[in-house]
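Engineer: Under this note's numbering, think of the first position of the sequence shown as 1184, with each following residue one higher.
Ideal Cβ placement from N, Cα and C applies to all residues, glycine included.
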Amino acid sequence: MADDELTDDQAAMVTAALWDNLPSDARNAIRAGLDFEDLHLVRDAVQHGRRLQRKNK
């Protein structure tokens, strides 16, 4: 394993943390079978929402 690779346990912790921080809309889309190729759309939407939240503070 390369120095920059995560162990399975580390990857599971990162995945859980990311999942917990996704908006419920994104989690529901993934559960509904969103294609892996389309996950970048979810990421972009989350980032856009966070930018709007920071701008409105």
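1) Based on Cα-Cα distance, which residue from Arg-1226, Leu-1189, Met-1196 lies nearest to Asp-1208?
2) Which stretch, first to last residue, makes up the alpha helix (DSSP H) that contains Lys-1238?
3) How long is the line joining the alpha carbons of Ala-1212 and Pro-1206, rounded to whole angstroms?
4) Hey, Arg-1214 and Trp-1202: beta-carbon distance below 8 Å or not?
Structural biologist: Based on what the coordinates show:
1) Arg-1226
2) 1222-1239
3) Approximately 10 Å, taken between the alpha carbons.
4) no
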